[in-house]
Each structure stands twice: as structure tokens, then as C-alpha cells.
Amino acid sequence: MSQQYNPVIGLEVHVETNTKTKMFCACSDDYFGKEPNTHTCPVCLGLPGALPFTNEEAIEKCMKIGLALNCKVAESSLFERKNYFYPDLAKGYQISQYRWPLCVGGSIEVTGKNGKKSTIRINRAHQEEDTGKLTHVEGRTLIDFNRSGVPLVEIVTEPDFTDTEQIRDYAKQLREIFRNLGVSNADMEKGDMRLEANISVRPVGQKELPNYRVELKNINSFRFMVAAVEFEIKRQIEALESGETLHQETRGWNEAKHETYLQRSKEEANDYRYFPEPDLPSLAVDRDLVKKLQEEARAALPQTKVDNLVKTYGISQESAVTMIRQGSDPFFEELVAKLGQTGISSQIVASMIINKKIDWQDLSTDDVVKQLKAQASQTALSSDQLEKAIDEVIADNEKTAADYKAGKENALQALIGAVMKKTSGRADAKQAAEIIKEKLK
Amino acid sequence: MAKSTKIDIDHVSKLANLPLPDEQKRIFASQLTKILDYIEKIEKADTKNVEPTFNVTPNKNVTRKDTAGTCLTQDEALQNSKNTKNGQFVTKGVFKSE
Ligand SMILES: [Zn+2]
């Protein structure tokens, strides 16, 4: 029997945030498709003596991304210089973050096509600047600095991916988060969002990480990245099976040959000599701002999450959005699971959480289950009371009722919401929906 | 090439992107070694109760609003370049695919 191997994959995603100006200068960063070198100034051209000046909007967008990925925002954060020579980098260094990133230690739950959920841990989300664009023509290299200095957020995961399907789901989910947050269009075709992967393989059952990893870099299409990862997994397993030792190296993708190729071995690995950027004072992050951004980040979480809650529990769209914004949705899900067949509808539970009838921040779900079971018999709404409430709601909301009659399905949710409000969340949403439909036939 | 245990002058010259003739490598290796000796002395200082300083000003959070200013024109941006083409800077080819 031959040995079985599992891939170990970590991802680095770079996303350009959609500020009006660049990270450290006031040049417009609306550069896509514009004449080359028309969006530059001494700062982003790296001219001697030019000083960087931090864009506060970019910092907020980076924090929002981190918060949406459940990261902690650092109390204090610093930029560092990442030194290397390459023509896309005019200064000889990129302003980036290394030891004091803005956001650290998050996670994201990825849902696959089959509904299978897995958790990907986020190591960090930090702020840096994009580089110029190079075009290679007839043995020479042309440089356009329009993109130089555009705010770029790098999101680094732990090596938690096991296959390319998961990579696809993660990238899709990230893109949705970026768009919902309004921080980036995340258009891969335009290079708004770029992926790099670190790949190694280990024998099934082995807990420790392999002592090497192959970086896949400079692959500017998502499709090619997936192909490259799949090729790499196969190549590495075959190498190990034939007794080879694998090394730390950087590889690219040759689409014509459909294979990865060595770009840089460990011996040639970059030595970036990071050191704190002396031209930029540190950032002391305002905790009130973090709180505000946290709420905005929650409100903008992917529609899929809202849809899942609505579909799974039959609650209203509005309730789902509100709970996600509050951060009470995990409590809600746990509570509903524990309540089981007690006849208390999920919508009632949701409304109680939203209206603070349930103290979800301080109590355990077990406490609340006891409380609710005790109350259930006393507080149930009689069908007369429910009908009366619905009649009143329809009378108070003539236009919405007319909209529903005219075929607007959304109007029904609004009416149910109003009934819930009127009955302080004691009505059964499904029952209310049926009665409303009946009445507005 | 003079060998120094403290300085790998070939590595340093590569990192600095400065190709140096052997004679200069010898000179710089000896000068850089002296600097490292000096730093070794500094490292002996007791800094147990001293906060690291990365910035000599007491400033924090010096940021600006996200409002666009004026950029250089293409001609201005390129004016100091010896070699340009189609509005772009031209440099030696750096592309190696395989
Ligand atoms: Zn600029």
C-alpha cells in the first residue's frame, strides 16, 4: 500500500481598497485604464525627499475588513519598510506592516456547495501599498506608476485549506464581504484582488506541518491559480513518493505547458530587512472608532448569511439582518436548537432577542431555555388576539397591503414585521403570514 | 576577497543592488565590520527599562482626509528619465519566465 498524503494550503489575498486617493499621497487612485504616469506625484514616484502622509479612509477600510473577518484591531500599529530592488518599486522599499499589523487573529466560516462548513483561521489583515505596473517588451521593461501607492490590504490565512474547492469558496466569500463592506469591487480581472498560495503535503495522520512550503506567486488569474495548486499537490506527492526531498521555493505557472516552474529557490530567497518606517508616526487606534466600524462590518456581512437564517429558521429578512448586526445570531441559533420542539417559533425567539426580551449578552442559552419554557404557556397569543393585531396592522399600513395585493412579495415581510412589533414578538410568524395572505386575497 | 566573519559583503552588495569590484568589497567589508563592532558595544547597554523608540517625534495618528489633490502631468513625471516610451519609464528587462 502506498502512503496517502494530505495537502496543507495557506492563502495570501491582496485587495486594493476603493479610496479616492492613494495610501500615502493625494494622487487619485482611479487609475484603471488611464494614460500611464498621469496619476503620480513625488511621493508615489519615490522621488528623494518626498514624505508619505497616511490616508485615514484607507486605515478605516483595512480595519473594517479585519473586523468582518473577526480579527482584533491592534491597540497600536506601525508601518515598516520592506526592502527589495525591483523596478515596480521606485523607493527601493514597499511601505508595509510586519511586526505590528493593524488586524490580527481572526477566522471565517466557509460554506461549500454541499453545505459543508469549515473554519479558516486568519493570521492577519494588514495595510500596505501597491506597486507600479510593469510591461515587458522586447527585452526591456516599461513602468507605469499610476498604481504605485494605491492602498492594498493583505489577508493571510493559517494553513487551513485542504483542497481547491475550499479555496474557491473562500475567495468567493471574501469577494462578497469586500463588496458588501463597500471597501472594494474585488474584481479579479482588473487585479483588484489577487491570490497567492503556500502549499505543502504531509502523510495522512501527521499533525506537524511539513518542514518546507512552496509559494505560488504572480499568478494573475483565479483559474490559473486553481490549476497551479492542483498541479503542485500532484507534483509534490509524486516527488515524495519517489524519495525526493522538497524544499522551500517560489514557483510560477506556465499556462502553455500547464505546469508550475521554479522562480526562486530558498538560497535566493528575499531578505527584506524590515524596519519601522521612520517617516510615519505610529497609529494609536481609537476604540470608539473600532466599535463603530465593528457594527458597520457586521451589518455588511454577506447576504448568504442572512439568506441562510431566513431559509433555515423561517424568520423575517429584517430580523436576520438585525441579529447579524447585533452579533446575536450565534446565540439565536444555539437557543433555537436547544428549544427544539417546544412550540416556540423561531421568529418569536428572534424578536425577543432583538427587542431585548432575552438578555442574550449576559445569560447562557440554558438559562433562557428554562425561562422560555416556563413562560411559553402563559404568553402564547390567542388566535383572536393575533387576528385582531393583523387587522390593525393592515389598517395602519394600507399602502403596504395594497403593494402585496399588487404582487410585491416583499410587502408581506414588512407586514409580518409590523405584526411582530405590535405583539411584542409573541405572534407566530408563519401563522401570521398565512392569516395575512388569507385576508389580502 | 577579504573574509570577515561578521559581514558577508557579497550578500550585502547584492541586497544593496551595488555590484562592487573586489578592491571596494575589501574596503567596505572592513568599514562595515567597524560599524558592527560599534553596534555590539551599544548592544551591551542596559535597556531593560527603556521603551524602544521608532520615531523621534511624539506624534501619533498623523493622517489626512481622503481628498484628491493634483498630480504631475505625464511630461512632468517623466522629465528626469533618460529613457521613456509611450508615456512610460523604460528600464533594462527584468522578465525571466523560466
Ligand atoms: Zn502620488
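Sequence lines, in order, name chains A and B. Residue numbering for the first sequence follows my numbering, starting at 527 and increasing by one per position. Residue numbering for the second sequence follows my numbering, starting at 550 and increasing by one per position. Using N, Cα and C, we set each Cβ at its ideal position, and we do this for glycine too.
Residues in the segment 540-560 of chain A having any Cβ partner in chain B nearer than 7 Å:
So the list reads Thr545, Lys546, Thr547, Ala552, Cys553 and Ser554, given in the order they occur along the chain.
Residue range of the alpha helix (DSSP H) that includes A:Gly592
First-last of the alpha helix (DSSP H) with A:Gly592: Glu582 to Ala594.
Contacts of B:Asn635 in chain A (Cβ-Cβ under 8 Å)
Against chain A, a Cβ distance below 8 Å from B:Asn635 picks out Pro562 and Leu668.
Confirm, please, whether the CB-CB distance from A:Ala937 to A:Tyr930 is below 7 Å.
Inclusion of A:Tyr930 and A:Ala937 in the CB contact set at 7 Å is warranted, their separation being smaller than that value.
With 16 other CB atoms within 10 Å as the buried threshold, where does B:Ser646 fall?
For B:Ser646, the predicted model reports a pLDDT of 43, less than 50, meaning its position is unreliable and no value from the coordinates is stated.
Can you pull the chain B neighbours of A:Ile582, defined as C-beta to C-beta under 9 Å?
Here residue 582 of chain A is Glu; the residue named in the question, Ile, does not match the sequence. Chain B residues near A:Glu582: Asn610, Thr612, Arg613, Lys614 and Asp615.
Proximity to A:Pro729 [Cα-Cα], best of A:Tyr787, A:Val875, A:Gly665 and A:Ala765:
Ranked by Cα distance from A:Pro729, the options A:Tyr787, A:Val875, A:Gly665 and A:Ala765 are led by A:Ala765.
What does the Cβ neighbour count give for A:Val724, buried or exposed, with the cut at 16 atoms within 10 Å?
The question names Val, but residue 724 of chain A is Asn in the sequence shown. Per the 10 Å Cβ criterion, buried.
Below 6 Å from a heavy atom of ligand 1 - residues by beta-carbon:
Every residue passing the under-6 Å Cβ criterion appears here: A:Lys548, A:Cys551, A:Cys553, A:Thr566, A:Cys567, A:Val569, A:Cys570 and A:Gly675.
Counted within 10 angstroms of its Cβ, other Cβ atoms place A:Gln911 as buried (16 or more) or exposed:
Of the other Cβ atoms in all chains shown, fewer than 16 fall within 10 Å of the Cβ of A:Gln911; this residue is therefore exposed.
If I'm right that A:Gly675 touches A:Val569 with Cβ under 8 Å, what's the distance once you round it to whole angstroms?
A:Gly675 to A:Val569, Cβ: 7 Å. Contact.
When A:Asn544, A:Glu582 and A:Leu593 are compared against A:Glu821, the one with the closest alpha-carbon:
Of the listed residues, the one whose Cα sits closest to A:Glu821 is A:Leu593.
Member of A:Glu803, A:Glu775 and A:Glu781 whose CA lies at the smallest distance from the CA of A:Arg790:
Residue A:Glu775 is the option with its Cα nearest to A:Arg790.
8 Å contact criterion, which A:Ile591 and A:Val679 should meet: CB distance rounded
A:Ile591 to A:Val679, Cβ: 5 Å. Contact.
Same chain only: Cβ atoms within 6 Å of A:Lys743, ignoring 5 sequence neighbours per side
Hits under 6 Å: Glu722 and Thr776.
Please state whether the Cβ-Cβ distance between A:Asp555 and B:Gln637 is less than 7 Å.
No.
Residue from A:Ile745, A:Lys548, A:Gly575 and A:Val919 with nearest C-alpha to A:Gly658
Relative to A:Gly658, the option among A:Ile745, A:Lys548, A:Gly575 and A:Val919 whose CA is nearest is A:Lys548.
Alpha carbons only, please: which of A:Ala616, A:Leu809, A:Thr645 and A:Ile634 is nearest the one belonging to B:Asn608?
The option with the nearest alpha carbon to B:Asn608 is A:Leu809.
Could you work out which residues of chain B lie near A:Asp797, taking near to mean beta carbons separated by less than 8 Å?
Result: His560 and Leu564.
Between A:Tyr531 and A:Val727, is the Cβ-Cβ spacing less than 7 Å?
Between A:Tyr531 and A:Val727, the C-beta gap is smaller than 7 Å, which places the two residues in contact.
Assigned exposure category for B:Glu630 - 16 Cβ within 10 Å defines buried:
With the sequence shown as reference, residue 630 of chain B is identified as Ser, and Glu is not the correct amino acid for it. An exposed status is given to B:Ser630, since fewer than 16 other beta-carbon atoms sit within 10 Å of its beta-carbon.
Any 3 or more C-beta pairs closer than 8 Å across the segment 844-851 of chain A and the segment 605-620 of chain A
By the Cβ test, the segment 844-851 of chain A is not in contact with the segment 605-620 of chain A, since fewer than three Cβ pairs between them sit closer than 8 Å.
Taking Cβ-Cβ distances below 8 Å as the criterion, which residues of the segment 731-754 of chain A are in contact with chain B?
Of all residues in the segment 731-754 of chain A, none has a C-beta nearer than 8 Å to a C-beta of chain B.
May I ask which residues mark the beginning and end of the alpha helix (DSSP H) holding A:Asn936?
That run of the alpha helix (DSSP H) goes Asn936 to Lys948.
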